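A short write-up of the structure that comes next.
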Amino acid sequence: AAKAPRRRQPKKSNDLPHPNRLPGIFDDVHATDRRQVCRRHELYVSFQDLGWLDWVIAPQGYSAYYCEGECAFPLDSCMNATNHAILQSLVHLMKPEAVPKACCAPTKLSATSVLYYDSNNNVILKKHRNMVVKSCGCH
Amino acid sequence: SGSTVRRRGHSAGVPQRRLSGAERRDVQREILSVLGLPGRPRPRIPARAPSAAAPLFMLDLYRAVAGEEEEEDGEEATVSRPVLTGLSTQSPPPGSVVSRADTVVSLVNMVEQDRDLFSPKPYWKEFRFDLTQVPTGESVTAAEFRIYKGRGVSGHGNSSWHISIYEVAAEHPTRESDLFLLDVQDLRAGTEGWLVFDVTAASNHWLVDQKYNLGLRLYVETEDGHSVDPGSAGLVGRRGPRSKQPFMVTFFRASPSPARVTR
Numbered sequence: 026a027a028k029a030p031r032r033r034q035p036k037k038s039n040d041l042p043h044p045n046r047l048p049g050i051f052d053d054v055h056a057t058d059r060r061q062v063c064r065r066h067e068l069y070v071s072f073q074d075l076g077w078l079d080w081v082i083a084p085q086g087y088s089a090y091y092c093e094g095e096c097a098f099p100l101d102s103c104m105n106a107t108n109h110a111i112l113q114s115l116v117h118l119m120k121p122e123a124v125p126k127a128c129c130a131p132t133k134l135s136a137t138s139v140l141y142y143d144s145n146n147n148v149i150l151k152k153h154r155n156m157v158v159k160s161c162g163c164h
Numbered sequence: 008s009g010s011t012v013r014r015r016g017h018s019a020g021v022p023q024r025r026l027s028g029a030e031r032r033d034v035q036r037e038i039l040s041v042l043g044l045p046g047r048p049r050p051r052i053p054a055r056a057p058s059a060a061a062p063l064f065m066l067d068l069y070r071a072v073a074g075e076e077e078e079e080d081g082e083e084a085t086v087s088r089p090v091l092t093g094l095s096t097q098s099p100p101p102g103s104v105v106s107r108a109d110t111v112v113s114l115v116n117m118v119e120q121d122r123d124l125f126s127p128k129p130y131w132k133e134f135r136f137d138l139t140q141v142p143t144g145e146s147v148t149a150a151e152f153r154i155y156k157g158r159g160v161s162g163h164g165n166s167s168w169h170i171s172i173y174e175v176a177a178e179h180p181t182r183e184s185d186l187f188l189l190d191v192q193d194l195r196a197g198t199e200g201w202l203v204f205d206v207t208a209a210s211n212h213w214l215v216d217q218k219y220n221l222g223l224r225l226y227v228e229t230e231d232g233h234s235v236d237p238g239s240a241g242l243v244g245r246r247g248p249r250s251k252q253p254f255m256v257t258f259f260r261a262s263p264s265p266a267r268v269t270r
């Protein structure tokens, strides 16, 4: 069974909560033998690895996550499928060459904030929308 | 770095493709543009362990916001904005949620002029700020001027002082500048802590055109209107300890539907 995403405690300090780090860190082995259902996976964007901690005050990085997995029939409830995706997966079942499966993509995104110095030493706190995947689904 | 990356609980790592120098620069440029930055900032002060008042205040604000983003599930996170006319003894608290800011900028106090005890009355202190970094496509929702008041010279202990902040609207070579009253506070002379003044009107004015940015002017008067030198009243300026230097904080909100800029 797919590993349910862990519900993390609110982060008190700026330590990295996950051993996985960007760039390019995925949290699941792409096993061909078992199909992965569409769900959220770990992806940590590390400002430290990018060498930006001379101007970024906080955080040292943030969990962005990403969506991956099969949207194969039957699309059960945990896959946040749209009605259209359900129909598309039915048609795919009948005509796999003509119509692809629905795709696994974010259904809810949220913001993350970054505190940094600009080149004039002003301090800026900026909220960036749609930077963190909250949930995935079939579209 | 091309090293094999290990994942918790799995021995087989996932090989990471090594990026060329050009690719690495592209990756950084792309992430910077997603963060709305034209390039990589190069501050003169390293970001680690900020000690000046403004970064410390902004770090408090960041923690308040980051905490809210963690708890909220998809709800719009809001940026706290300090209580407008508040007084605090430690570093300035983030205060209660008043506006939903998308960007908060704390401005460095660039220039400071004093008319002090060695000049004719009335005494005052003037502050100017660097407005170059103003987010495009966003409008000011609030702006505050924060200045620390220490004990000041003795002898005034229980009397009451009247501290007022003006926007310098226009300067004249031969006569006094034109001033526009922004905010006033009455407090006991012996009071200590951060004073917060609402300067939203001035901030809006400056952003219309930076030529209007002639700064803020602060006066201190006794109850019967005698001018008091702000420095001897305990008001800390640019030459004071870094953790108590004055600064301005401006809260911006993105325009309702900013056109997605095609890149």
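Each protein sequence line maps, in turn, to chains A and B. Under my numbering, the first residue of the first sequence carries the number 26, and numbering increases by one thereafter. Under my numbering, the first residue of the second sequence carries the number 8, and numbering increases by one thereafter. The beta-carbon is built from N, C-alpha and C at its ideal position, and this holds for glycine as well. Being a predicted model, the structure only gives us computed values, none of them experimental.
Measure the alpha-carbon distance for residue i versus residue j and round it to whole angstroms.
i: A/SER71; j: A/ARG154; result: 18 Å
i: A/MET119; j: A/ILE111; result: 13 Å
i: A/PRO125; j: A/VAL62; result: 16 Å
i: A/GLY162; j: B/GLY247; result: 55 Å
i: B/PRO57; j: A/LEU78; result: 12 Å
i: B/SER27; j: B/ASP33; result: 10 Å
i: B/ASP205; j: B/ALA149; result: 8 Å
i: B/ASP251; j: A/SER135; result: The sequence shown places Lys at residue 251 of chain B, not Asp. Distance between the alpha carbons of B/LYS251 and A/SER135: 35 Å.
i: B/PRO50; j: A/CYS96; result: 47 Å
i: A/ASP74; j: B/ARG36; result: 15 Å
i: B/LEU41; j: B/THR207; result: Contrary to the premise, residue 41 of chain B reads as Val rather than Leu in this sequence. B/VAL41 and B/THR207: Cα-Cα distance of roughly 29 Å.
7 Å is my cut-off, CB to CB: does residue i come that close to chain A?
i: B/THR110; result: yes
i: B/SER113; result: yes
i: B/ARG260; result: no
i: B/GLN252; result: no
i: B/ASP33; result: no
i: B/ILE52; result: yes
i: B/ALA61; result: yes
i: B/VAL72; result: yes
Any beta carbon from chain B within less than 7 Å of residue i's own beta carbon?
i: A/ASN145; result: yes
i: A/LEU140; result: yes
i: A/LEU150; result: yes
Which chain B residues are close to residue i, counting only those with a beta carbon under 8 Å from its beta carbon?
i: A/HIS153; result: VAL41, LEU42, GLY43
Look at residue i and residue j and say whether their C-beta atoms are less than 7 Å apart.
i: A/THR107; j: A/HIS164; result: yes
i: B/HIS212; j: B/ASP193; result: no
i: B/ALA209; j: B/ASP109; result: no
i: B/TRP131; j: B/TYR219; result: no
i: B/ARG153; j: B/VAL203; result: yes
i: A/LEU170; j: B/MET117; result: As displayed, chain A neither begins before 26 nor continues past 164, which places residue 170 of chain A out of reach and without an answer.
i: B/PRO142; j: B/PHE259; result: yes
i: B/ASP216; j: A/ASN145; result: no
i: A/LEU140; j: A/ALA89; result: no
Along chain A, which residues have their Cβ under 7 Å away from the Cβ of residue i?
i: B/VAL203; result: Chain A residues near B/VAL203: none, gap ~17 Å exceeds 7 Å.
i: B/LEU66; result: ILE82, ALA83, LEU140
i: B/TYR69; result: ALA83, SER138, LEU140, LEU150
i: B/PRO57; result: ILE82
Listing by chain order, which chain B residues have their CB less than 9 Å from the CB of residue i?
i: A/LEU118; result: Per Cβ cutoff of 9 Å: no residues; A/LEU118 is ~32 Å from chain B at best.
i: A/LEU112; result: Neighbours of A/LEU112 on chain B: none; closest Cβ ~26 Å, over 9 Å.
List the residues of chain A that residue i touches, going by C-beta distances under 8 Å, in chain order.
i: B/PRO48; result: TRP80, TYR141, TYR142, ASP143, SER144
i: B/ASP137; result: ASN145, ASN147
Segments assigned beta strand (DSSP E), at least 3 residues, entirely inside the region 237 to 261 of chain B: 254 to 261
4-residue-minimum alpha helix (DSSP H) runs that sit fully inside the region 199 to 232 of chain B, ordered along the chain: 207 to 215
Completely contained alpha helix (DSSP H) runs for the region 18 to 52 of chain B, where each covers 4 or more residues: With a minimum length of 4 residues, the continuous alpha helix (DSSP H) runs that stay inside the region 18 to 52 of chain B are 28 to 41.
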